[in-house]
Amino acid sequence: MTKSTNSSIPSTLKEFLYDTHDRNGVIVISVTGLVSLIAIVSLLLAKPLKSSTYIRTHLFGYLTSLLLANGMLSVATVMSFNWIVHDQVTAGPYCTVQGALRQAGNIATALWSFIIALHLFNLLFLRFSAKKYAFWLTIIGGWGVVATVVAIGSMVIENAERGPYYGINGPWCWITNAYPEEQIFLEYFLEFLSAGLSCVLFTIVLLRVRGNLLIIDGRWKFQHVRSCDSWQLAFSRDLIDTAMLRFAQSMVWFPIAYTIVLLPSGIAGFGAVSGRPVSPGVEIFTGVTYNLTGLINVLLLLTTRQLYPDMELPEFNTQRNQQATMQLMESGGVTPFTLARSLTAESYHRQRETVLALHRATSVSSYGSSGSLKGHENNGSTWTDITSSLTRHDSSSSTGSWNSLTELIPKPKEVYRTHR
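Residues 1 to 420 (UniProt numbering) make up the sequence shown, in order.
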């Protein structure tokens, strides 16, 4: 939501009366926040996140924190229905709570988006194992930072000369326009910093799990893979590498989505802080897009949950043989994928052709002897001698047992006729 509209509004404003544009805009934005709130609550109640799905990754706690942050923002937006009913914004405790809750939701969303990106960077790029004590320190520290940023405004920064820190800011409540530097550095800057760093971290992670970034003898090396050769790179991945690639490809949409919904609101907000008025249409558009954050994250969780790795696999930091990786680097790229010739298959093919040729010869000979029973018996004897010879020949080979292959060689029909 565009959180600052007109810097000319005095910070000591006691009420803000709605006109038609303000009322309609706040209704649309509040409905969007309500939709996101319903989506978040429905997910947590109907299809709650399961810790078993995100075991070894700590994503259960971090994603839950992200949804709670989105929920706080949605609740702050839904609180504007009170202003719609009274057709005005009034300063007071209710306004202060809305302003503080809005900043808390904005900061928490930015913080937990970055923490998820940082956690996946440690997990998939640095290949650090997820420690339980680190998880709890992150949870406590993350929410502690949010509480500190919110509390420091009204408890430390606020002064009598500039008036209340949280108060009326256009058609809703947020940090008042008497504190423009705080609006920038305690919210907008942190939001853009989170989005930028998250995109950088996920880009580096994707380069590594895809195979472009390799560590050889303790040194990082970049391997360029042409698009026409990318299929060859897939053959060098084991199950763990494949799981990590799918995992990163699914999670990268979270910072992308956050950046997309943040950009319009942030740009308009920076313009408003610098003294440029924001038109009602732009204000509605940015408010709607930003308040879709909760709904978008819910949809991403529902669509990407099945892409999370099979937790029966070994941990992502499992050490594997680096010989294949060394060969890739020494060859200057991806080694061409070739199929080795099967000597067993060729031997079987040649011997089968020999058997069929002898079978045809004995069949002609048996038909030439007036179809006597003796001829048929000799035919069967010849077949037995041939297959026995092949079996003895293969038993001395190291490639496998020929007995399982003799079933593929058809016997002469005369043998079956003899035994009927």
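We treat Cβ as the ideally placed atom computed from N, Cα and C, and that holds for glycine.
Keep in mind it's a predicted model, so treat the numbers as computed, not measured.
{"Query": "Sequence-distant residues of its chain with Cβ nearer than 6 Å to P180 (five each side left out)", "Result": "V273"}
{"Query": "Per-residue burial, F222 [other beta carbons within 10 Å of its own, 16 or more giving buried]", "Result": "exposed"}
{"Query": "Cβ neighbour criterion (16 or more within 10 Å) applied to H119", "Result": "buried"}
{"Query": "Contact check, G294 vs I139, beta carbons under 7 Å", "Result": "no"}
{"Query": "Collapsed DSSP secondary structure at Q249 in the structure displayed", "Result": "helix"}
{"Query": "Integer-rounded CB distance, given that I29 should sit under 8 Å from Y62", "Result": "Actually they do not touch by this definition, with Cβ atoms about 28 Å apart."}
{"Query": "Presumed contact (8 Å Cβ cut-off) between S198 and S113, rounded CB distance", "Result": "6 Å"}
{"Query": "Whether Y18 touches A100 by CB criterion (7 Å)", "Result": "no"}
{"Query": "Endpoints, alpha helix (DSSP H) assigned at W83", "Result": "F81 to H86"}
{"Query": "Check whether A104 and M72 have beta carbons under 7 Å apart", "Result": "yes"}
{"Query": "Cβ shell of Q319 (< 8 Å), same chain only, five flanking positions each side left out", "Result": "Note that Q319 scores a pLDDT of 49, beneath 50, so its modelled location is shaky; the value from the coordinates is reported in the next line. Around Q319: no qualifying Cβ."}
{"Query": "Cβ-Cβ distance between V200 and F125 below 7 Å", "Result": "no"}
{"Query": "Which of helix, strand or coil DSSP assigns to T176", "Result": "coil"}
{"Query": "Of the residues F135, S154, S65 and G142, the one placed nearest T96, counting alpha carbons only", "Result": "S154"}
{"Query": "Residue range of the unbroken alpha helix (DSSP H) whose run includes G163", "Result": "Neither: G163 is in no alpha helix (DSSP H) and is coded neither H nor E."}
{"Query": "Element boundaries [alpha helix (DSSP H), containing F189]", "Result": "F189 to R210"}
{"Query": "A69 vs Q98 beta-carbon contact at 7 Å", "Result": "no"}
{"Query": "Limits of the unbroken beta strand (DSSP E) element including E283", "Result": "Per DSSP, E283 belongs to no beta strand (DSSP E); it is in the alpha helix (DSSP H), P280 to N291."}
{"Query": "Outcome for N159 when other beta-carbon atoms lying within 10 angstroms are tallied against a minimum of 16", "Result": "exposed"}
{"Query": "Nearest neighbour of N177, chosen from F189, G163 and L190 [CA to CA]", "Result": "G163"}
{"Query": "Span of the beta strand (DSSP E), counted from its first residue to its last, around F222", "Result": "R219 to F222"}
{"Query": "Opposing strand residues paired with I184 [DSSP bridges]", "Result": "According to DSSP, I184 bridges with nothing at all."}
{"Query": "Selected residue, minimal CA-CA separation from I152, among G281, P280, G196 and I175", "Result": "I175"}
{"Query": "Nearest residue (CA-CA) to C173, options M79, L207 and G275", "Result": "M79"}
{"Query": "Helix, strand or coil at A100 [DSSP, three-state]", "Result": "helix"}
{"Query": "W136 classed as buried or exposed, judged by whether at least 16 other C-beta atoms fall within 10 angstroms", "Result": "exposed"}
{"Query": "Secondary structure of T391, DSSP reduced to three states", "Result": "In this predicted model, T391 has a pLDDT of only 49, less than 50, meaning its place in the structure is not dependable; the value taken from the coordinates is given anyway. Helix."}
{"Query": "At least three beta-carbon pairs within less than 8 Å, the segment 181-188 to the segment 268-284", "Result": "yes"}
{"Query": "Of the residues L34, K14, F16 and R23, the one placed nearest Y290, counting alpha carbons only", "Result": "L34"}
{"Query": "Distance, I27 Cα to L292 Cα", "Result": "15 Å"}
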